[in-house]
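Just so we're aligned, residue 1 is where the sequence shown starts under full-length UniProt numbering, counting upward by one. From the three backbone atoms N, C-alpha and C, an ideal C-beta is built for every residue, glycine too.
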Amino acid sequence: LDAIDYLIKNIKMWPLNTTEPLRRTALNRVFAAVYTCAIFGLLYHHVQIIHSRTPLASLSLLLSDTVLAFMWATMQVFRMRPIRRKEFPENLLKVMKPSEFPALDVFVCTADPYKEPPINVVNTALSVMAFDYPTDKLSVYVSDDGGCAATLFGFVEAAKFARHWLPFCRKNNVLETNPETYFSLNHAACCPETQQIEMMYRNMKVRVADVVNTGKVSDEYITSDQEREAFNKWTDNFSRYDHPAVIQVLIDNGKDEDTTGHFLPKLIYVSREKSKSCPSHFKAGALNTMLRVSATMTNAPIILTLDCDTSSNDPQTPLRVLCYVSNPVTRSNLSFVQFPQRFRGLSSNDIYAAEFRRLFFVNLLGFDGLKGATYVGTGTFFCRRALFGSPSNLISPEIPELHPNYAVDEPIQSPSILSLAHHVASCNYENRTNWGSKMGFRYGSLTEDYYTGYRLHCEGWRSIYCTPDRPAFYGDAPITLFDFINQYKRWAIGGLQMAFARYSPFTVGTKTIGLMGLAYGHYAIWPIWCIPTLVYAFIPQLALLKGVSIFPKVSEPWFLLYVFMFLGAYGQDFLEFVLEGGTFGKWWNDQRMWMIMGPSCFLFGSFEYLLKSLGISAFGFNVTSKVLDNDQSKRYELEIFYFGVPSPMFVPLAMAAIINLLSFFLGLLKMVGGSDKEGLVLQMLIAGFIMVNCWPIYEAMVLRSDKGKMPAQVTIIAAILAWTLCTSASLIF
């Protein structure tokens with residue numbers, strides 16, 4: 001107690017963090033009240049005309065606008081109390097000594113060596129090994145769920161290269177501690193030492209790439225009998241989906257030194273046991289395995305989870321976390337500190353909206369003003385204790401060695417430690433335990449990160465969103481449209497799993513965490529966005545082809561309501577986007593991608609979830625490719641959409657593009673010819689707006705001949721379906 005009092009006194013003198021509400025909060029609340037009245041007016045108008053001469057169209061628009069109203073209402077939760085935090089790591093050493101820093105375990109996950117190149121995973125691990133943190137308190141665990149000898153070889157090479165790279169970073173105060181990033185910035189011209197280090201890195205990269213391409217480790221790359229034995233065993237007995245657990249300590253702090261005589265951080269390779277007869281639970285299962293394995297070896301109270309491509313961009317990031325973890329006021333019920341995902345190599349206007357600016361730079365500030373940010377899967381520092389029950393009710397694991405307060409008192413490479421680590425990494429270990437349900441990272445959704453954060457908040461934990469000026473981490477963004485919407489399809493399925501689960505945010509969430517339950521629910525029901533996008537992409541246009549007006553005339557007051565609601569929603573969205581550092585070009589591409597996602601990934605994700613619920617199909621976990629193709633990269637830099645793959649998800653997009661183009665020009669002819677000009681204005685505006693957004697699709701279907709064009713079979717199928725739909729319009733109107 002005396003130590004805590006002393007710490008609180010010092011923190012008052014040298015504050016570690018501050019919190020400030022955003023100034024736009026009051027305006028957000030006023031606008032929400034006005035816009036709510038407009039929504040009720042619109043729904044009243046729909047009910048009034050439900051018995052018009054186009055009842056099917058009226059019902060479709062009523063359903064569509066009800067969905068939009070519900071999504072807008074849940075969105076307002078983010079705007080009620082957004083806050084911004086600031087940390088002062090320079091004050092940290094004034095209130096505690098480095099020897100008092102808590103130990104830190106880092107978990108790096110990879111699953112497919114062909115979509116996630118081992119050299120990228122190596123760079124991520126090396127970047128966090130260079131943290132400005134006591135090396136005796138830092139351990140890096142790499143989970144290889146792909147069961148690949150090339151990944152293991154990559155980390156054997158990384159352990160050797162780290163002896164040179166870490167002292168180089170320390171000596172030169174390197175901030176971009178990812179070697180690939182550092183050398184791509186032309187630092188090699190600085191001095192002979194830098195050139196020598198780069199040559200070592202390039203040679204390592206060639207060796208790792210050779211092992212990936214050949215599928216085996218050449219004898220010339222093996223430097224010890226121990227390495228030869230490990231790689232031979234892997235090659236003979238392992239397959240990706242069926243193999244025993246492999247755990248290798250590649251660097252042991254206290255034994256292994258760098259070239260300057262300093263001890264290196266621990267580096268541990270983990271490949272859990274896999275069996276086709278046992279569920280793997282995908283990434284959540286891999287994280288829980290590392291949680292147990294690390295408990296037997298180091299059991300650090302702080303855990304950092306990273307994707308394979310999320311490398312450090314600031315060695316002092318752990319010190320920012322300690323500004324919250326070390327504060328007695330905030331640490332009692334603190335579960336995790338979340339950093340935003342940032343992405344390197346984005347195109348100038350971010351054509352696929354892969355920056356997720358609304359998610360990471362707008363909505364998470366609103367989350368933080370409630371009970372804290374949600375867990376986004378990477379760049380997250382957990383308090384280990386938070387993964388074992390609520391703040392007031394610790395759930396003890398099945399063996400004492402996994403308890404969050406257990407003190408490891410044996411060397412990390414002792415036979416008893418390694419034996420226990422292999423035991424807890426077995427595929428049957430979790431049978432009849434609380435792992436995945438009440439302990440660790442939670443199962444039940446393909447979006448295990450979002451679901452885990454939600455469950456922790458429901459249990460009474462809080463979290464913190466940390467947004468320093470210098471990005472803490474950088475990752476790789478998808479550079480093709482297919483990769484982007486495929487990733488979102490997986491998130492859509494995971495959201496629906498969460499929305500209709502036992503712990504649904506709309507039932508359990510609103511009961512336990514109030515408004516924050518609606519915030520979680522907003523993301524869980526993202527897929528229903530396909531309803532309004534499909535309705536507005538086809539119904540007004542089909543009516544326009546028949547010369548039927550389904551919206552108010554320009555001279556009617558209801559016309560102004562539609563205009564206000566469109567401009568109000570888009571205006572507020574644009575303002576928030578720009579205030580958080582966006583540009584008009586990025587905002588335009590962001591809203592276009594939302595229009596694209598509705599009829600593609602959200603529609604197909606909803607359909608796949610329905611099939612699974614009926615027992616017709618099973619979910620899979622498709623890893624987003626991190627491999628950079630030269631042609632794809634070139635198109636991306638030029639901001640040209642890359643289709644290339646004959647995916648069914650492209651068919652509704654091409655259909656919408658064709659029908660909107662056709663309806664706009666035929667509607668224009670009808671208006672010129674004397675049809676109901678006033679009654680068709682809104683339909684013309686909608687068709688024109690969608691047509692402008694569809695320009696990359698028109699270009700890909702007609703004007704391009706490169707590999708990234710729209711596949712011919714997609715265009716043909718879409719044209720046939722569009723013609724069928726147009727000829728059937730008389731059944732609706």
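| Asked | Found |
| --- | --- |
| Using DSSP with H/G/I as helix, E/B as strand and the rest coil, what is asparagine 237? | With a pLDDT of only 49 at asparagine 237, under 50, the local geometry of the prediction cannot be trusted, and the value read off the model is given with reservation. In this structure, asparagine 237 counts as helix in the three-state DSSP scheme. |
| Using C-beta distances below 8 angstroms, list every residue in its chain close to alanine 130, excluding the 5 sequence neighbours before and after it, in chain order. | Trp165, Leu166, Cys169, Arg170, Val174, Thr177, Ser312, Pro315 |
| Using 7 angstroms as the threshold, is the C-beta distance between residue 734 and isoleucine 351 below it? | Summary: the structure shown does not reach residue 734, with the chain confined to residues 1 through 733, and so no result is reported for it. |
| With 16 other CB atoms within 10 Å as the buried threshold, where does threonine 181 fall? | buried |
| Considering phenylalanine 584, what are the terminal residues of the alpha helix (DSSP H) in which it resides? | 584-597 |
| Taking lysine 546 as part of the beta strand (DSSP E), name the residues at either end of that continuous run. | Run containing lysine 546: none; DSSP gives neither H nor E here. |
| Grouping DSSP H, G and I as helix and E and B as strand, with all else coil, what is cysteine 383? | strand |
| Taking 8 angstroms as the threshold, find out whether the segment 641-648 comes into contact with the segment 707-714 through three or more Cβ pairs. | yes |
| When burial is assigned at 16 or more other CB atoms within 10 Å of the CB, is isoleucine 697 buried or exposed? | buried |
| Count the other C-beta atoms from every protein chain shown that fall within 10 angstroms of the C-beta of phenylalanine 665, then say buried if there are 16 or more, exposed otherwise. | exposed |
| Do you know whose CA, among Asn288, Asp252, Arg470, lies nearest arginine 442's CA? | Asn288 |
| Assuming glutamine 541 contacts isoleucine 659 under a Cβ cut-off of 8 angstroms, what Cβ separation, rounded to an integer in Å, is found between them? | 5 angstroms |
| Specify, as a first and last residue, the run of the alpha helix (DSSP H) that serine 416 falls within. | 415-424 |
| Excluding the 5 residues preceding and the 5 following lysine 86 in the sequence, name in chain order all residues of the same chain whose CB lies nearer than 7 angstroms to its CB. | Asn17, Thr18 |
| Could you give the residue range of the alpha helix (DSSP H) that holds threonine 74? | 55-75 |
| Compare the C-alpha of methionine 593 against each of Arg635, Met691, Ile485 and name the closest. | Ile485 |
| I need the DSSP call for isoleucine 697, collapsed to helix, strand or coil. | helix |
| Taking its Cβ as the centre, do 16 or more other Cβ atoms sit within 10 Å of threonine 724, making it buried, or is it exposed? | exposed |
| Assuming leucine 534 and glycine 598 are in contact, meaning their beta carbons sit under 8 angstroms apart, how far apart are those beta carbons, in whole angstroms? | 7 angstroms |
| With 16 other CB atoms within 10 Å as the buried threshold, where does isoleucine 720 fall? | exposed |
| Rounding to the nearest angstrom, what Cα-Cα distance links lysine 553 and alanine 654 in this structure? | 30 angstroms |
| Since lysine 86 is in the beta strand (DSSP E), which residue starts that stretch and which ends it? | 83-87 |
| If I'm right that aspartate 252 touches isoleucine 412 with Cβ under 8 angstroms, what's the distance once you round it to whole angstroms? | 6 angstroms |
| How is glutamate 90 classed by DSSP in three states: helix, strand or coil? | helix |
| Can you give the Cα-Cα distance for leucine 92 and threonine 260, rounded to whole angstroms? | 27 angstroms |
| Sorted by chain position, which residues of the same chain lie with C-beta nearer than 8 angstroms to valine 700's C-beta, five sequence neighbours on each side aside? | The identity of residue 700 in the sequence shown is alanine, whereas the question assumes valine. Cβ neighbours of alanine 700 beyond the five flanking positions: Phe641, Phe643, Gly708, Lys709, Met710. |
| So within the segment 432-462, which uninterrupted alpha helix (DSSP H) runs reach at least 4 residues, ignoring any that extend past its ends? | 448-458 |
| I want to know whether the segment 269-283 touches the segment 352-364 - three or more CB-CB distances under 8 angstroms. | no |
| Name, in chain order, the residues that DSSP records as bridge partners for residue 805. | In the structure as shown, the chain starts at 1 and stops at 733, and residue 805 therefore has no counterpart that could be examined. |
| Looking at C-alpha atoms only, which residue of Ala26, Trp72, Leu59 is the closest neighbour of residue 735? | As displayed, the chain neither begins before 1 nor continues past 733, which places residue 735 out of reach and without an answer. |
| Measure the C-alpha to C-alpha separation of leucine 668 and alanine 687 and round it to an integer number of angstroms. | 11 angstroms |
| Please state whether DSSP places glycine 366 in a helix, a strand or coil. | helix |
| Could you spell out where the beta strand (DSSP E) holding glycine 154 opens and where it closes? | Counting along the chain, glycine 154 falls outside any beta strand (DSSP E), though it belongs to the alpha helix (DSSP H) covering 149-172. |
| When you compare the segment 119-126 with the segment 58-66, are there three or more beta-carbon pairs, one atom per stretch, that lie closer than 8 angstroms? | no |
| Does the distance from the C-beta atom of glycine 494 to that of threonine 447 stay below 7 angstroms? | yes |
| Considering only their Cβ atoms, is the gap separating valine 217 from isoleucine 247 smaller than 7 angstroms? | no |
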